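Please read the structure below before turning to the comments.
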Amino acid sequence: VQLQASGGGLVQAGRSLRLSCAASGKTIGIFAIGWYRQAPGKQRELVAGFSSGDTTNYADSVKGRFTISRDYAKNAVTVYLQMNSLKPEDTAVYYCKADTNWGLGYWGQGTQVTVSS
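Numbering (the working numbering), first residue to last: 3 to 119.
Spelled out as structure tokens, the structure:
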């Protein structure tokens, strides 16, 4: 499984960004996929994700502001993270991750999101 993340950037507080994560390869084996982030000096944390089926999970800090969605294509899936009402504390490197049925997790390369006050 290969993951290609994009869409980060520098925005002012209150504005929006949309991140994309294009997954390719043996995507049929993916049972969970989502977005994580890591701010300087902090641990990586789950932001939003799909678990088995269509169940979605969100960090409390982003509920009501971020929305995760996905599109399927042949042997590929793209996961989006729509981020609205961004805050300076959302500043982090955002990573997508896919978990597979064969027990391996795959990470994308990360995309920087910087929110200025």
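C-beta atoms are modelled at their ideal positions from N, C-alpha and C, and glycine is treated no differently. Here the structure is a predicted model, which is why all the values come from computation and not from measurement.
Whole-angstrom C-beta distance between Y38 and Y97, which should lie under 8 Å: Stepping through the sequence shown from its first residue, residue 97 is reached at position 95. Stepping through the sequence shown from its first residue, residue 38 is reached at position 36. Sure, about 5 Å apart at Cβ, within 8 Å.
Taking the alpha carbon of I30 as the reference point, which residue from N86, P90 and Q4 has its own alpha carbon closest? Looking up residue 30 in the sequence shown gives position 28. Nearest of N86, P90 and Q4 to I30, Cα basis: Q4.
Delimiting residues of the beta strand (DSSP E) encompassing W109: Position 107 of the sequence shown, counting from 1, holds the residue named residue 109. Counting along the chain, W109 sits inside the beta strand (DSSP E) bounded by residues G107 to W109.
Residue range of the beta strand (DSSP E) that includes I35: Your numbering for residue 35 matches position 33 in the sequence shown. Start and end: I32 to Q40.
Considering only the beta carbon of each residue, do A78 and V64 sit closer than 8 Å? One-based indexing of the sequence shown puts residue 78 at position 76. One-based indexing of the sequence shown puts residue 64 at position 62. Taking the C-beta atoms as reference points, V64 is found no nearer than 8 Å to A78.
Hey, I35 and A75: beta-carbon distance below 8 Å or not? Translated into positions along the sequence shown, residue 35 becomes position 33. Translated into positions along the sequence shown, residue 75 becomes position 73. Note that the C-beta distance between I35 and A75 is not below 8 Å.
For the putative contact between A7 and T113, defined by C-beta atoms under 8 Å, what is the C-beta separation to the nearest angstrom? Counting from one through the sequence shown, the residue named residue 7 turns up at place 5. Counting from one through the sequence shown, the residue named residue 113 turns up at place 111. About 5 Å separates the two Cβ atoms, so the contact holds.
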